[in-house]
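The structure appears right after this line, and notes come after that.
Residue numbers (UniProt numbering): 1 to 537.
Below you can see the structure in the form of structure tokens.
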């Protein structure tokens, strides 16, 4: 079966995330498969090609800090070393233990679950068995987004394939006094037809983006308007997270308190600032009474939401979930906060080339914003309602490197172990992977730490192509995984990988084809599964 270049069938894609919070790094890796074009599934099913996609939504704002004071020379030397020394036997043992928790360095690590029959260097591949129960198999049936390239999924991916940059000067407020004055700012957004005028004027953009993306995802899943009556709303939930929440509402409330007193704080200040309100409002508008909450793990947010939503379905707690992320942090306090972290690029003279993952001259990430939402449901439920199935969720994993608040592990141990666990849970072997959509934020330490982790699991770099969505749309924080998930599915359905733009002076240690500057047609070989909707062997 043909999907992109010249390999075989049954490919999959996945997502991985890292989030540093309170001296911890959290990892989340999810794997999916796609519908083959020659599937015998009912005619209403979307005709798509199978494709494997491994997206490392890797390195949070703290891991990604590009300033030399926050990244000691020893760290950079380790990241750039041609060969990495192995980790100490106790991965929690450090030369300088946390002064606030003196016993941490003496804790014994839990044993890491490993593949029982496959390794990254084995000459033959025998993947673990995959889920067979249609009630526990989770499929993707719809996608919706709000992005710097607009609110249409096809138009969004066309821009990515063309290698167009969505980065430009910030004009939403006066940024002239900031050392960084550009970002992936959304312009011309309209919620007409999705949010009534009165509520639209009150809502933070973070909430507006979520509601529009969620409703568009339902339309794509053939559940728009009156068609929602097809589903049991008591068994349908919403899990859309955000890293920053309603930051504009919060900032305005604090300013009113300081300048005018507490009486001038809007009664919507608390409800519209807290991170769970995006899921809550979407659930209220749609009448979905199933699981409803949010997860806030910075850059990992969307992928944690996908992982948790799939598990609700697998456990029988829901039949359908809206899941993803939303973010709107390009405001003075958001920009100023990241400037204070010294995390952002300052390439003000040429913003469109500022986000340049794996390039030697990268100088920090570029802020973006938007929302990306998927409709996830059990295979049984999707088949019963005649859903337009796009892809299948295969498995996932979460963990934490418990290492340092700003320093990424140079050996990538936390990330690599998460990848291994996710592959095992999904029933996919490392040798089956030949494409990765990387987190690749364009930061000095983060980009190389991610590459080192990938190399620990995937030994043959010549067979793997990697690309970076953030090179064009910037780092959308809590929404990053959602928008990159949609780019992944579009890669499946089109058979084309979007480029990583701004590849001028590549790091020699990357050793992968980064799909530099020009899109590539690519077919990925993952498993011999000509028809993934038949029972897995």
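The C-beta atom is built at its ideal place from N, Cα and C for all residues, glycine as well.
Short of 8 Å in beta carbon distance, which residues of its chain neighbour residue i, apart from the five on each side in sequence? Order them along the chain.
| i | result |
| --- | --- |
| residue 518 | 163, 499 |
| residue 155 | 149 |
| residue 313 | 136, 138, 319, 320, 321, 376, 377, 378 |
| residue 207 | 246, 272, 277, 278, 281, 326 |
Tell me where the alpha helix (DSSP H) around residue i begins and ends.
| i | result |
| --- | --- |
| residue 418 | 413-426 |
| residue 270 | 269-273 |
| residue 444 | 444-457 |
| residue 156 | 153-161 |
| residue 278 | 277-286 |
| residue 331 | No alpha helix (DSSP H) contains residue 331, which DSSP labels as neither H nor E. |
According to DSSP, simplified to helix, strand and coil, what is residue i?
| i | result |
| --- | --- |
| residue 469 | coil |
| residue 301 | helix |
| residue 336 | helix |
| residue 464 | coil |
| residue 133 | coil |
| residue 387 | coil |
| residue 203 | coil |
| residue 293 | strand |
| residue 306 | helix |
| residue 223 | coil |
| residue 312 | helix |
| residue 252 | helix |
| residue 172 | coil |
Looking only at its chain, what residues have a beta carbon closer than 6 Å to the beta carbon of residue i, apart from the 5 residues adjacent to it on each side?
| i | result |
| --- | --- |
| residue 385 | 230 |
| residue 276 | 293, 294 |
| residue 475 | 365, 368, 441 |
| residue 344 | 180, 338, 364 |
| residue 273 | 245, 246, 249, 250 |
| residue 490 | 157 |
| residue 233 | 287, 288, 289 |
| residue 222 | 388 |
| residue 334 | 247 |
Taking 7 Å as the limit between beta carbons, can you name the residues of its chain near residue i, skipping five residues before and five after?
| i | result |
| --- | --- |
| residue 502 | 353, 355, 356, 359, 471 |
| residue 209 | 146, 326, 328, 370, 371 |
Counting only C-beta atoms, is residue i closer than 8 Å to chain B at any point?
| i | result |
| --- | --- |
| residue 269 | Included in the structure is just one protein chain, with no chain B present. |
May I ask which residues mark the beginning and end of the beta strand (DSSP E) holding residue i?
| i | result |
| --- | --- |
| residue 400 | 391-400 |
| residue 374 | 370-378 |
| residue 240 | 236-241 |
| residue 437 | 435-438 |
| residue 142 | 138-146 |
| residue 326 | 320-327 |
If I'm right that residue i touches residue j with Cβ under 8 Å, what's the distance once you round it to whole angstroms?
| i | j | result |
| --- | --- | --- |
| residue 130 | residue 394 | 6 Å |
| residue 236 | residue 481 | With a Cβ gap of about 22 Å, residue 236 and residue 481 do not count as contacting. |
| residue 140 | residue 516 | Contact doesn't hold; Cβ gap of about 29 Å is too wide. |
| residue 204 | residue 144 | Not confirmed; about 19 Å, so no contact. |
| residue 505 | residue 361 | 6 Å |
| residue 488 | residue 434 | Wrong, their Cβ atoms sit about 14 Å apart, outside the cutoff. |
Three CB pairs or more closer than 8 Å across the segment 158-168 and the segment 233-252: Here the segment 158-168 makes no contact with the segment 233-252; the two share fewer than three CB pairs at distances below 8 Å.
At least 3 beta-carbon pairs within less than 8 Å: the segment 171-179 vs the segment 353-368: With a cut-off of 8 Å, the segment 353-368 and the segment 171-179 do not count as touching, because too few Cβ pairs lie within range.
Check whether the segment 206-214 and the segment 261-280 touch, using three or more Cβ-Cβ pairs below 8 Å as the test. Touching, yes.
Say whether the segment 425-441 touches the segment 456-463, bearing in mind that this needs 3 or more beta-carbon pairs closer than 8 Å, one atom from each stretch. Result yes; three or more Cβ-Cβ pairs closer than 8 Å.
Contact between the segment 446-454 and the segment 405-419: three or more CB pairs below 8 Å? Judged by Cβ distances under 8 Å, the segment 446-454 makes contact with the segment 405-419, as three or more pairs qualify.
Pairs of beta-carbons, one from the segment 253-260 and one from the segment 400-409, closer than 8 Å: are there three or more? No: fewer than three Cβ pairs fall under 8 Å.
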